[in-house]
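Sequence order for the protein chains is A and B.
The first sequence runs contiguously to residue 331 in UniProt numbering.
The second sequence runs contiguously to residue 331 in UniProt numbering.
To start, the structure under review is shown below, and the notes come after it.
Number of protein chains: 2
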Amino acid sequence: MKKATIRNVAELAHVSVASVSRYLNNKAKGRLSEEKAKAIEQAIKDLNYIPNLAARQMATNQSKTIAVVVSNIDDYFSTELFKGASNILRVKGYEAFLLDTNAEQQRERELIKTVSSSFFDGLLFQPLGSNIKTIQSEFIHNIPTVILDRRLATKRWPQVISNNVTASKDATKYFLKQGCDDILILSSEVKIASTRRDRYSGVCAIANPDQIHLIELDEESYNYVTIKNKIESFLLKQKVRNKKTLIFSFKERWLLAFLPMLFADGFLNSDQVLITGFSDTKLVQTILPEARLISQNPYLMGASAAEILLKSLSGEDNSKNYEPLIVPAKF
Amino acid sequence: MKKATIRNVAELAHVSVASVSRYLNNKAKGRLSEEKAKAIEQAIKDLNYIPNLAARQMATNQSKTIAVVVSNIDDYFSTELFKGASNILRVKGYEAFLLDTNAEQQRERELIKTVSSSFFDGLLFQPLGSNIKTIQSEFIHNIPTVILDRRLATKRWPQVISNNVTASKDATKYFLKQGCDDILILSSEVKIASTRRDRYSGVCAIANPDQIHLIELDEESYNYVTIKNKIESFLLKQKVRNKKTLIFSFKERWLLAFLPMLFADGFLNSDQVLITGFSDTKLVQTILPEARLISQNPYLMGASAAEILLKSLSGEDNSKNYEPLIVPAKF
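What follows is the structure, encoded as structure tokens:
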């Protein structure tokens, strides 16, 4: 059974495609003659034609679809973001589609080009970086957009972000009080994303420069063994010097990757090594019931962004100046 | 700048929408008068109109989009599947969109209904279950489809699956030879998915029934602490009885969740507890460098399924009887 198209309906009813389109769009139905409307109705029945999204978009200029472009679907942060957004959108009759930039700038450029020039009614977008010029240059059309998880220097788009500086400061203060001498930060490249810059500057605002040690990880190479060795050789030196260390992970995935190895190699069974980090699920808290973590809520961030987008699609919101919405991370 | 639509172009050029559609479809261009074609060309320039996917679909009956519906985007298996598929599709000019059934049957039904009645040219589908009647009833139209990761009792669709029975048998044989007395299986509900049924039957084909112990986990509740307690109380009993245990995880996520806790609670530092399981990434191997795991290749499975789908879309493949393609898991 091949799908009948709007063109098949038009041919069978001896009318133009535009007339069928008008018929499918309730608002424009009145502009058709009764005779034409009947012929179209009959053709739709005969062909068992189900108007698809494309036809509906032609008729209503709406596809009821939203693109969600995230930086890496391997992160729970990104998948939870999508789950939160799609649940809200679904209730309002919109279908959300997930697109993955795979942490590649070139891929992000392609996807935003495609999404902004195609049938989507709106976009929820977690950019890789925070460079506003780069991001703007990726759009072909001004599709209604909400930015997620990056603080951009523009009021053009609504933004849903987390209070990264404050959460990071609070955690640093707490652990210095607990007697930590040094902070070992695990992070993807800090400078490209506002999220990580904010977290880093939060630590820097509280700790002395000589207390801060940064290990940057490459999202794409997953060179776990090299990184594990770096962490462990740092911890060994600290042990010799009798220093207390805080391991501060800027991404949940890095904690999930390295905790088991550090446990297995016996590095976590003393009170000389403490752990904290940004976490997106209950998993890390279960693994480390004693640890004080920074809980983000990507599900809520996705849901909030979806609500803002729906408001703008319904025409309720004609603002030209958006202040970022902050969904707080809790320490 | 509001996006110009095909209708705006038609109005400005004083032609019908169908004529613009014909103009955009190279094959049908010849059917237009030169005068009309010129007017349309000018209107497209004046409005800075970029034909969107909807317009292109109207013109060519192709959207160059593929839906990838997976059972849970929280599993690396599903996200790697998508990465493999979308990389192949992208090279051939198709864009892949990821949809998440969130491990809910009702949601799967909704999504397949939407996808099969909308603009997608094809579907890569990892169903939740293996009931062929349930799955068939979800389709509104016969969209070109490749089934992933489930062995269905039909030749109607191509299927890309793994050799779960064999891999599971091989692992069980090996670990019984290593002197394991009992096998503790961690799995989502076994009976609904062919993947898990095959893995379970592989174990049953080799081990005695009284050696096999099953803990089923609920994908949605994430009740980690209860499960951890079950595992640990089992291991304690084994210790008292001086029995050697194999923990056999049917899903990578369960290993990632429970390994750190078992390490932290001191259950993994004896040779009386061995670990194996199906793994989708290099992560578990890094955490357990000594362990013998069953490596699946979801990336390759996604890529292979995409190639089969492309062949069928290009019309090269008119088969009505498909034998499943097996991408072997390696023990």
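Think of the CB as a built atom: it goes at the ideal place given N, C-alpha and C, for glycine as much as any other residue.
If you're wondering where the values come from, they're calculated on a predicted model, not measured in any experiment.
Below 9 Å on C-beta distance, what does residue i contact in chain B?
{"i": "Lys83 (chain A)", "result": "Ile73, Asp74, Asp100 and Asn102"}
Can you round the beta-carbon distance between residue i and residue j to whole angstroms, since I take them to be within the 8 Å contact cut?
{"i": "Glu252 (chain B)", "j": "Thr281 (chain B)", "result": "7 Å"}
{"i": "Leu184 (chain A)", "j": "Thr245 (chain A)", "result": "6 Å"}
{"i": "Ile231 (chain B)", "j": "Phe258 (chain B)", "result": "6 Å"}
{"i": "Ala85 (chain A)", "j": "Val69 (chain A)", "result": "The Cβ separation is near 11 Å, so there is no contact."}
{"i": "Cys204 (chain A)", "j": "Ile212 (chain A)", "result": "7 Å"}
{"i": "Ile206 (chain A)", "j": "Leu176 (chain A)", "result": "7 Å"}
{"i": "Ala4 (chain A)", "j": "Leu47 (chain A)", "result": "4 Å"}
{"i": "Ile66 (chain B)", "j": "Leu309 (chain B)", "result": "7 Å"}
{"i": "Ile135 (chain B)", "j": "Leu98 (chain B)", "result": "Their Cβ separation, rounded to whole angstroms, is 19 Å, which puts Ile135 (chain B) and Leu98 (chain B) out of contact at 8 Å."}
{"i": "Ile147 (chain A)", "j": "Ser117 (chain A)", "result": "Not a contact, Cβ separation roughly 19 Å."}
{"i": "Gly277 (chain B)", "j": "Ile294 (chain B)", "result": "7 Å"}
{"i": "Ser19 (chain B)", "j": "Ile6 (chain B)", "result": "The Cβ separation is near 10 Å, so there is no contact."}
How about residue i: is its C-beta nearer than 9 Å to some C-beta of chain B?
{"i": "Thr114 (chain A)", "result": "yes"}
{"i": "Phe267 (chain A)", "result": "no"}
{"i": "Gln42 (chain A)", "result": "no"}
{"i": "Tyr299 (chain A)", "result": "no"}
{"i": "Ser86 (chain A)", "result": "yes"}
{"i": "Leu111 (chain A)", "result": "yes"}
{"i": "Phe125 (chain A)", "result": "no"}
{"i": "Phe119 (chain A)", "result": "yes"}
{"i": "Arg7 (chain A)", "result": "yes"}
{"i": "Ser295 (chain A)", "result": "no"}
{"i": "Ala306 (chain A)", "result": "no"}
{"i": "Tyr322 (chain A)", "result": "no"}
{"i": "Ser314 (chain A)", "result": "no"}
{"i": "Leu148 (chain A)", "result": "no"}
{"i": "Arg31 (chain A)", "result": "no"}
{"i": "Lys228 (chain A)", "result": "yes"}
{"i": "Gln105 (chain A)", "result": "no"}
In the DSSP assignment, find the alpha helix (DSSP H) that holds residue i and state where it starts and stops.
{"i": "Gly126 (chain A)", "result": "Here the sequence assigns Gln to residue 126 (chain A), which means Gly is not the residue at that position. Segment: none, Gln126 (chain A) is in no alpha helix (DSSP H) and carries neither H nor E."}
{"i": "Ala264 (chain B)", "result": "Glu252 to Ala264"}
{"i": "Phe248 (chain A)", "result": "Careful: Phe248 (chain A) lies outside any alpha helix (DSSP H), inside the beta strand (DSSP E) at Thr245 to Ser249."}
{"i": "Gly190 (chain A)", "result": "Sequence check: residue 190 (chain A) is Val here, not Gly. That residue, Val190 (chain A), is in no alpha helix (DSSP H); it is neither H nor E in DSSP."}
{"i": "Gly315 (chain B)", "result": "That residue, Gly315 (chain B), is in no alpha helix (DSSP H); it is neither H nor E in DSSP."}
At 7 Å on the CB atoms, spell out the chain B contacts of residue i, in chain order.
{"i": "Pro260 (chain A)", "result": "Leu259, Pro260, Phe263 and Ile287"}
{"i": "Glu95 (chain A)", "result": "Thr114"}
{"i": "residue 333 (chain A)", "result": "There is no way to answer for residue 333 (chain A), as the model of chain A reaches only from 1 to 331."}
In chain A, which residues lie with their C-beta within 7 Å of the C-beta of residue i?
{"i": "Ser16 (chain B)", "result": "Ser16 and Ala18"}
{"i": "Glu219 (chain B)", "result": "Correct list: empty, because the minimum Cβ distance to chain A is about 13 Å."}
{"i": "Leu256 (chain B)", "result": "Leu256"}
{"i": "Thr145 (chain B)", "result": "Chain A residues near Thr145 (chain B): none, gap ~13 Å exceeds 7 Å."}
{"i": "Thr79 (chain B)", "result": "Ile73 and Asp74"}
Give me the chain B residues within the contact set of residue i, using Cβ-Cβ distance strictly less than 8 Å, ordered along the chain.
{"i": "Tyr224 (chain A)", "result": "Lys282, Leu283 and Thr286"}
{"i": "residue 403 (chain A)", "result": "This structure leaves residue 403 (chain A) out entirely; chain A is present only between 1 and 331."}
Where does the unbroken beta strand (DSSP E) through residue i begin, and where does it stop?
{"i": "Ser21 (chain B)", "result": "Per DSSP, Ser21 (chain B) belongs to no beta strand (DSSP E); it is in the alpha helix (DSSP H), Val17 to Leu24."}
{"i": "Ser86 (chain A)", "result": "Where Ser86 (chain A) is concerned, there is no enclosing beta strand (DSSP E), although the alpha helix (DSSP H) it sits in stretches over Tyr76 to Val91."}
{"i": "Ala67 (chain B)", "result": "Thr65 to Val70"}
{"i": "Val327 (chain B)", "result": "Neither: Val327 (chain B) is in no beta strand (DSSP E) and is coded neither H nor E."}
{"i": "Ala96 (chain B)", "result": "Glu95 to Asp100"}
{"i": "Glu216 (chain A)", "result": "Ile212 to Leu217"}
{"i": "Val160 (chain B)", "result": "Gln159 to Ile161"}
{"i": "Val146 (chain B)", "result": "Thr145 to Leu148"}
{"i": "Leu274 (chain B)", "result": "Val273 to Ser279"}
I'd like to know whether the C-beta of residue i is nearer than 9 Å to at least one C-beta of chain A.
{"i": "Ala207 (chain B)", "result": "no"}
{"i": "Ser279 (chain B)", "result": "no"}
{"i": "Lys173 (chain B)", "result": "no"}
{"i": "Ala10 (chain B)", "result": "yes"}
{"i": "Arg90 (chain B)", "result": "yes"}
{"i": "Met1 (chain B)", "result": "Below a pLDDT of 50, predicted positions are generally treated as unreliable, and Met1 (chain B), at 45, falls in that range; the measurement from the model is reported next regardless. Interface residue, yes."}
Check whether chain C comes within 9 Å of residue i, counting only Cβ atoms and requiring the distance to be less than that.
{"i": "Thr154 (chain B)", "result": "Of the protein chains in the structure, A and B, none is chain C."}
May I ask you to check if the CB of residue i is nearer than 8 Å to at least one heavy atom of the ligand SAM?
{"i": "Arg22 (chain A)", "result": "The ligand SAM is not among the ligands present in this structure, which contains no ligands whatsoever."}
Mind the definition here: the region 119-129 of chain A touches the region 11-26 of chain B only if three or more C-beta pairs lie below 8 Å; say whether that holds.
no
Is there contact here, the region 147-164 of chain B with the region 302-318 of chain B, by at least three beta-carbon pairs under 8 Å?
yes
contact_flag[the region 263-275 of chain B, the region 235-250 of chain B] where n(CB pairs < 8 Å) is 3 or more
yes
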